[in-house]
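Visitor: When the count follows the working numbering, it moves up by one through the sequence shown with no breaks and lands on 163 for the last residue.
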Amino acid sequence: VVIGCGPAGLALASESAKLGLKVGLIGPDLPFTNNNGVWEDEFKDLGLEDCIEHVWPDTIVYLDNDNPILVGRPYGRVSRHLLHEELLSRCVESGVSYLNSRVERIIESANGHSLVVCEHDTVVPCSLATVASGAASGKLLQYEVGGPKVSVQTAYGLEVEVE
1 VVIGCGPAGL
11 ALASESAKLG
21 LKVGLIGPDL
31 PFTNNNGVWE
41 DEFKDLGLED
51 CIEHVWPDTI
61 VYLDNDNPIL
71 VGRPYGRVSR
81 HLLHEELLSR
91 CVESGVSYLN
101 SRVERIIESA
111 NGHSLVVCEH
121 DTVVPCSLAT
131 VASGAASGKL
141 LQYEVGGPKV
151 SVQTAYGLEV
161 EVE
């Protein structure tokens, strides 16, 4: 079972099902909200180049005003809508089962299996529960005593037109 319907969850579910695994996907079906930028060649390698809505032919890094650094790689802005539609399509094509629900908790059984407890008392048994729900993962993860606290990573970028 993959928990989370963002880009990571949908990609993991579809790729796992393509390998012949029986995959269930659990999470609310919501539009993607984050903006994503990608190296064009990496998205092409994933077969997702049609989800790029704009490509800059080279990337420039400015650390100071005098010495811009040309990276030499095209960079693209991803269409949230196109990426969402493509990843959903891949899940359907590969036979992923879907449950539109929020996950309340994961119970690990003594036999090595897990029970994914969803809203409205729906329980989904599975051999492996993978949490791919971004910042919402914190409520589902338990670390060993003294382990790291759950943290969130984000990036911030500006799209600026200059002459």
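Beta carbons: idealized from backbone N, C-alpha and C, even for Gly. Keep in mind it's a predicted model, so treat the numbers as computed, not measured.
Between which two residues does the beta strand (DSSP E) carrying L25 extend?
Guide: Per DSSP, L25 belongs to the beta strand (DSSP E) from G24 to I26.
Visitor: From G134, S133 and G112, pick the residue whose C-alpha is nearest to that of S127; which is it?
Guide: Of G134, S133 and G112, the residue nearest in Cα terms is G112.
Visitor: If you compare alpha carbons, which of N100, L140, E42 and V96 is closest to K18?
Guide: Nearest of N100, L140, E42 and V96 to K18, Cα basis: V96.
Visitor: Which residues in the same chain have their Cβ closer than 6 Å to the Cβ of G6, if we skip the five residues on either side of it in sequence?
Guide: The answer, listed in chain order, is G134.
Visitor: From this set, K22, P125 and I107, which residue's C-alpha is nearest S94's C-alpha?
Guide: That would be K22, whose Cα lies nearest to the Cα of S94.
Visitor: Three Cβ pairs or more, each shorter than 8 Å: is that satisfied between the region 23-38 and the region 61-70?
Guide: No, the region 23-38 does not touch the region 61-70.
Visitor: Are V131 and I106 closer than 9 Å when you measure CB to CB?
Guide: In this structure, I106 lies closer than 9 Å to V131 by Cβ.
Visitor: Which value, in whole angstroms, describes the spacing of the CA atoms of E86 and E15?
Guide: Each residue's alpha carbon lies about 13 Å from the other.
Visitor: Got a sec, what are the start and stop residues for the beta strand (DSSP E) L99 sits in?
Guide: S97 to L99 is the extent of the beta strand (DSSP E) around L99.
Visitor: Would you call the CB atoms of L48 and L83 closer than 9 Å?
Guide: Going by C-beta atoms, L48 is nearer than 9 Å to L83.
Visitor: What three-state label does DSSP hand V92 in the structure shown?
Guide: Helix.
Visitor: Starting from G76, follow the alpha helix (DSSP H) in both directions and report where the run begins and ends.
Guide: It is not in any alpha helix (DSSP H) - G76 instead sits in the beta strand (DSSP E) that spans Y75 to V78.
Visitor: Does the beta-carbon distance from R102 to G27 come in below 9 Å?
Guide: Taking 9 Å as the Cβ cut-off, R102 and G27 qualify as a contacting pair.
Visitor: Does the separation of the CB atoms of L25 and C91 fall below 9 Å?
Guide: Yes; because the gap between Cβ atoms is below 9 Å, this pair is in contact.
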